[in-house]
Every structure is written in structure tokens, then in C-alpha cells.
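I have placed the structure first, in the form of C-alpha cells, so that the comments after it can refer back to it.
Protein chains: 2
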Amino acid sequence: MRVLGVDPGLTRCGVGVVEGVPGRPCTLVAYYVIYTDPQDELPTRLLHLDRNLTDLVAEHSPDSVAVERVFSQHNVRTVMGTAQAGAVAVLTAARAGLPVQMYTPSEVKAAVTGSGQADKAQMTAMVTRLLRLSEPPRPADAADALALAICHVWRGGTRAKVAAAARKGGYR
Amino acid sequence: MRVLGVDPGLTRCGVGVVEGVPGRPCTLVAYYVIYTDPQDELPTRLLHLDRNLTDLVAEHSPDSVAVERVFSQHNVRTVMGTAQAGAVAVLTAARAGLPVQMYTPSEVKAAVTGSGQADKAQMTAMVTRLLRLSEPPRPADAADALALAICHVWRGGTRAKVAAAARKGGYR
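These protein sequences, in sequence, are chains A and B. With numbering that gives the first Met the number 0, the residue at position 167 of the first sequence is 166, and numbering never jumps. With numbering that gives the first Met the number 0, the residue at position 63 of the second sequence is 62, and numbering never jumps.
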């Protein structure tokens, strides 16, 4: 199962691709950060993001895409940029015919570190360990995108296991 | 000059198409409201919005697109849906190679009614009068989209006039 995770942001958008099966360590395929210039107009920035995401989806042919679900933050301006970038990510995946799953930051933290309150450093450390990397992925946006992808592989695993258990038990 | 205006919303997205030249009354071409089902997942909703907007842009071949610029509101959930729908509208226009201009609600109100504090009823009344319609466009999302399009024709007119004056004066 190959998953492309997106940590949406208008200025920096993290993208992480991992491969794995539920209950086993995932393997790193690639990670990227797509930058857009804050000096550019919004149409130019969204178009740049859309083209780069479309290219990465085509290049890596993931089975599904995981995108961080945006929640209210203190800075409304930041929330808006994140919501706009997230919408582009979701739409790009949907246009490619891929299933899209959204996770809140605390769901991802809980899946990867065991705690929904984990900080950035702890998340990066766990992603580095789980993917058996010699160095932590930088910048943090890339680590967050990889964490999202890992979370989705494992959660997909949970669902697959439940489905398997249901079949085994003779009921669906 | 044909302008397609978009009043972005995830549940109801207003679209208005007008034709006109600066300093003269505009003519109504068409207006629509694109609905998406709140019960559907976000990818389905954004895809539905993208497809409908893409079809309307192809059908009406506007010279440019005007989209309402989203600002902070009290309800963060509403802001997010509006930001997501707005991002889809901006991206759809940019992908079609069209220039996109964004206006704040008060810029549109000031352009159409002369007051940045005009209420919904006043806006609808002015749009009805300016387009010489026998009945007010319903629902209000459609009237707002038409107001955006009228605002853009007139503002484009201002810029065109400035450019013309500059050429006339022998400097650019």
C-alpha cells in the first residue's frame, strides 16, 4: 500500500510518500516541500501548488492520499492559507480518482507517537525511527507529511483487520 | 467585457455572469447557484464544485473571473468552507488561463451601492435595478455573485480609463 501524505500550507506544503502494510514498519519512498512565493497572487500560488501535487501524484501513483484536516487556530490568516492549500490537495487527489482520507493533527500524533499531545521534535524523532532514516527529514513540514502517510497505512490496517476479523467470524 | 463572478461557499456557491463596458449599465448573461451536499465527504464536494465551475467557465467563456476575498468571520467552520470553496474557484479560473481578481465584500458593496456597509436587501435591490431585471435574483448568493461581476466590470473600467488617459497624455 503506497500512501501520499500532504501537510497543507500555502507558503510551504509538505508531501511524503511511504509504502507499507498494516502492523509493520513503513518504507520511505520520497518526501518534498512545495514552496510558493508569498509575493505572488493567490491564483498563481494555487496553480503552482496544484501542478506540483498533480505531478507528484502522477510520479508516485499512490493507492490513496492522506491530508491533514485543518482546525481553528489563533491566527485566522494562517488558517485561511492552510484551508486553501488543503482544498487544492484534496481536489488534486479527487481529480486523479484517488481515495482521500483526512486526519486531525492529534490523530496523526497519537498514531505515530502514542500521544495526541506530542510536540514537533517528538514527531520528527518518531518518523525518523519508524522509517529507519539516518537523518531526520527536514523541514518539519516534510516530517509531518510522512507522519500523515504512516498514520494512514496503519489506520487502513486497522480497518483491514476489522474487516478480516468480521469475515473470519462469518458476519459482515 | 464578460465577467464571471463567484460568491464562494461550500454548501451554496453563487455564480453570476454579466457583460458590459465601464461606465455603462451591465447586461445579465446568466446566474446559478451550485449546491453541494453537506452529508458528502469534502473530496466529493470540492470535485462537484470544480466540475460545475469548469463547465460554466467553458460555457460562458468569460474574459475574467471575480471571486470574493474571504475574511475572518466569527464562525471558523464557515470561514474554512468558504476558504476551501474560494480556493477551488480561484484554481478553476487559473487553470482555464483566465485572469482572476479578488474583491472584499465591502469593495463590492461600495462599487454597487455607494456604501461599503450596505445590507443584503440593499445589494439585491441595486443588482436588480442595475441589470434591469423584472425580479430580484434568488437566492442571495446569486445576487452577490452578480454584484461581484458588476464590480469587476466597473473597476476594470477604472483601470482601462486610467490607462487610456495615460496613453492620451503621451506617457505610460
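Every residue gets a Cβ at the ideal spot worked out from N, C-alpha and C, and that includes glycine. Computed from a predicted model, the values in this text were never measured in an experiment.
According to DSSP, simplified to helix, strand and coil, what is residue i?
i                : result
Gly80 (chain B)  : helix
Cys150 (chain B) : helix
Gly15 (chain A)  : strand
Thr10 (chain A)  : coil
Gln38 (chain B)  : coil
Asp49 (chain B)  : helix
Ala134 (chain B) : Per the sequence shown, the amino acid found at residue 134 (chain B) is Glu instead of Ala. Looking at Glu134 (chain B) - three-state DSSP - the assignment turns out to be coil, as it is neither helix nor strand.
Ser105 (chain A) : helix
Gly85 (chain A)  : helix
Gln121 (chain B) : helix
Gly22 (chain B)  : coil
Gly113 (chain A) : coil
Ala141 (chain A) : helix
Ala95 (chain B)  : coil
Just to confirm my understanding: we take residue i, look at its own chain, exclude 5 residues before and 5 after, and list those with CB closer than 8 Å. What are they?
i                : result
Gly115 (chain B) : Ser105, Glu106, Lys108 and Ala109
Thr123 (chain A) : Pro135, Pro136, Ala139 and Ala142
Gly8 (chain B)   : Gly80, Thr81, Ala84 and Asp140
His151 (chain A) : Val2, Gly4, Ser63, Ala65, Gln100 and Tyr102
Who pairs with residue i in a beta bridge, going by DSSP?
i               : result
Ala65 (chain A) : A:Gly4 and A:Gln100
Leu27 (chain B) : B:Val17
Val32 (chain A) : A:Gly13
Could you round the C-beta distance between residue i and residue j to whole angstroms and report it? I think they count as a contact, below 8 Å.
i               : j                : result
Ala82 (chain A) : Met79 (chain B)  : 5 Å
Ala86 (chain A) : Ala86 (chain B)  : 4 Å
Leu41 (chain A) : Met101 (chain B) : 7 Å
Leu48 (chain B) : Leu130 (chain B) : That belief does not hold up - the Cβ atoms of Leu48 (chain B) and Leu130 (chain B) are roughly 25 Å apart, past 8 Å.
Cys12 (chain A) : Ile149 (chain A) : Not confirmed; about 18 Å, so no contact.
Leu45 (chain A) : Val14 (chain A)  : Incorrect: roughly 16 Å between the Cβ atoms, too far for contact.
Pro37 (chain B) : Thr77 (chain B)  : Actually they are not in contact, since the Cβ atoms of Pro37 (chain B) and Thr77 (chain B) sit about 12 Å apart, beyond 8 Å.
Only counting the same chain, and skipping five residues up and downstream in sequence, which positions put a Cβ closer than 7 Å to that of residue i?
i                : result
Val89 (chain B)  : Val66 and Val99
Arg68 (chain B)  : Met101, Tyr102 and Thr103
Gln121 (chain A) : Thr112
Lys119 (chain B) : Ala139
Trp153 (chain A) : Pro21 and Ala110
Gly155 (chain A) : Met0 and Pro21
Ala117 (chain B) : Lys108
Leu132 (chain A) : Leu27
In chain order, what residues of the same chain have a beta carbon less than 6 Å from the beta carbon of residue i, not counting five sequence neighbours either side?
i                : result
Val126 (chain A) : Ala142, Leu145 and Ala146
Val64 (chain B)  : Leu3, Ala92, Leu97 and Val99
Asn51 (chain B)  : Ile33
Val16 (chain B)  : Leu3, Val28, Ala29 and His59
Thr53 (chain B)  : Thr91
Arg128 (chain B) : none
Asp6 (chain B)   : Gly13, Glu67, Asp140, Asp143 and Ala144
Inter-stretch contact at 8 Å, needing at least 3 Cβ pairs: the stretch 20-27 of chain B / the stretch 57-66 of chain A | no
Please determine if the stretch 31-47 of chain B and the stretch 134-151 of chain B are in contact, where contact requires at least 3 C-beta pairs separated by less than 8 Å.
-> yes
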